[in-house]
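> Residues in the sequence shown are numbered consecutively from 443, following the working numbering. We treat Cβ as the ideally placed atom computed from N, Cα and C, and that holds for glycine. Just so it is clear, the structure is predicted and the values come from calculations on it, not from any experiment.
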Amino acid sequence: GGEAGGGVSLHRGIKNGEIGLFYRGSYRRYDRDTYANGTDQSLLFSVNKLLSRRWSFQLIQSDSFDKNGGNIFAVVPSTSIFPAVQPYNQQNFLNSTSATLTYQKSKRLSFFFGGDFHSAIYRPTALTGYNSMGGSAGSSYRLSRRTTITGTYTYTHYMYSTDSTSSDIHSGTVTLSYGI
Numbered sequence: 443g444g445e446a447g448g449g450v451s452l453h454r455g456i457k458n459g460e461i462g463l464f465y466r467g468s469y470r471r472y473d474r475d476t477y478a479n480g481t482d483q484s485l486l487f488s489v490n491k492l493l494s495r496r497w498s499f500q501l502i503q504s505d506s507f508d509k510n511g512g513n514i515f516a517v518v519p520s521t522s523i524f525p526a527v528q529p530y531n532q533q534n535f536l537n538s539t540s541a542t543l544t545y546q547k548s549k550r551l552s553f554f555f556g557g558d559f560h561s562a563i564y565r566p567t568a569l570t571g572y573n574s575m576g577g578s579a580g581s582s583y584r585l586s587r588r589t590t591i592t593g594t595y596t597y598t599h600y601m602y603s604t605d606s607t608s609s610d611i612h613s614g615t616v617t618l619s620y621g622i
């Protein structure tokens, strides 16, 4: 068997910003009947815009479709005590939307606020899909030319497709980065 794929990336400068469009696709063919042939398709759109001297905005929209992907390992509900693992599901649709607003207070200090929406739909429907919404806020401080410390708080709410179950995740991160 084998796999072939490719992609294209388009960028366009706009006043005080940039728009980007990215596409990637591939096709897999197997020599054995044990595995099904498959495709992967991804499309991403992004906008980065400087709104004023201190404010900037970023929007990212990403969608993907996989047929017989083999790259998703999902747990299928079963009646036994151990769940069944389904490594080659038939189809999955993934969507992600993210928007971030950044305020540059000084050359060293910035604050950012954002929101996200994600969804996953799997076929067959025995696999649990989800929708999630979340928000984040944080701050970055440049310690030196190459070193930055960033702190972020994130809240995400998940709603699952197979029943009325939901979950909430609160997380915080601190990152120290050094540019080489």
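Report the three-state DSSP secondary structure of aspartate 505 (helix, strand or coil).
Counted from its first residue, the sequence shown places residue 505 at position 63. Note: aspartate 505 maps to strand in three-state DSSP.
> Quick check: the Cα distance between arginine 496 and serine 540, rounded to an integer number of angstroms?
Taking the first residue of the sequence shown as 1, we reach residue 496 at position 54. Taking the first residue of the sequence shown as 1, we reach residue 540 at position 98. If I take the Cα positions, the gap works out to 20 angstroms.
> In terms of DSSP beta bridges, what is leucine 486 paired with?
As a working note, residue 486 is residue 44 in the sequence shown. Partner(s): Phe464, Ser504.
> For threonine 590 and tyrosine 583, which I take to be in contact (beta-carbon distance under 8 angstroms), what is that distance rounded to the nearest angstrom?
As a first step, residue 590 is located in the sequence shown; it is residue number 148 there, counting from the start. As a first step, residue 583 is located in the sequence shown; it is residue number 141 there, counting from the start. Right, their Cβ atoms sit about 7 angstroms apart.
> Below 8 angstroms, can you find three or more Cβ-Cβ pairs linking the stretch 467-475 to the stretch 499-508?
Taking 8 angstroms as the limit for Cβ pairs, the verdict is that the stretch 499-508 does not touch the stretch 467-475.
> Going along the chain, which residues of its own chain have a beta-carbon closer than 6 angstroms to the beta-carbon of tyrosine 602, five neighbours each way excluded?
Counting from one through the sequence shown, the residue named residue 602 turns up at place 160. Taken in chain order, the residues that qualify are Thr570, Tyr572.
> Please list the terminal residues of the continuous beta strand (DSSP E) segment that includes arginine 495.
Position 53 of the sequence shown, counted from the first residue, corresponds to residue 495. That residue, arginine 495, is in no beta strand (DSSP E); it is neither H nor E in DSSP.
> Where does the unbroken beta strand (DSSP E) through aspartate 610 begin, and where does it stop?
Here residue 610 is taken as the residue at index 168 of the sequence shown, counted from 1. Its beta strand (DSSP E) spans residues 608-620.
> Taking all protein chains shown into account, decide if alanine 562 is buried (16 or more other Cβ within 10 angstroms of its Cβ) or exposed.
In the sequence shown, residue 562 corresponds to position 120, counting from 1. Buried, because 16 or more other Cβ atoms sit within 10 Å of the Cβ of alanine 562.
> Should tyrosine 564 be labelled buried (16 or more other beta-carbon atoms within 10 Å of its own) or exposed?
As a first step, residue 564 must be located in the sequence shown, where it is residue number 122. Burial call: buried.
> Distance check for leucine 618 and glycine 556, CA to CA, integer angstroms please.
Residue 556 sits at position 114 when you count from the first residue of the sequence shown. Residue 618 sits at position 176 when you count from the first residue of the sequence shown. For glycine 556 and leucine 618, the distance between alpha carbons rounds to 20 angstroms.
> Which residue from Ser506, Tyr595, Ser606 puts its Cα closest to that of histidine 560?
Stepping through the sequence shown from its first residue, residue 560 is reached at position 118. The option with the nearest alpha carbon to histidine 560 is Ser506.
> Tell me whether aspartate 605 sits in a helix, a strand or coil according to DSSP, three-state version.
Taking the sequence shown and counting its residues from 1, the one referred to as residue 605 is at position 163. In this structure, aspartate 605 counts as coil in the three-state DSSP scheme.
> Would you mind working out which of Gly449, Val489, Met575 sits nearest leucine 543, comparing C-alpha positions?
Translated into the one-based positions of the sequence shown, residue 543 becomes position 101. Comparing Cα-Cα distances from leucine 543 to each of Gly449, Val489, Met575, the minimum goes to Val489.
> In its own chain, which residues sit with a C-beta less than 7 angstroms from the C-beta of tyrosine 545, not counting the 5 before and 5 after it?
What you label residue 545 is simply residue 103 of the sequence shown in a count that begins at 1. Here the set comprises Arg496, Trp497, Ser552, Phe553.
> I'd like the span of the beta strand (DSSP E) that includes glycine 557, first residue to last.
As a working mapping, residue 557 is identified with position 115 in the sequence shown. Annotation: the continuous beta strand (DSSP E) that includes glycine 557 extends over 551-565.
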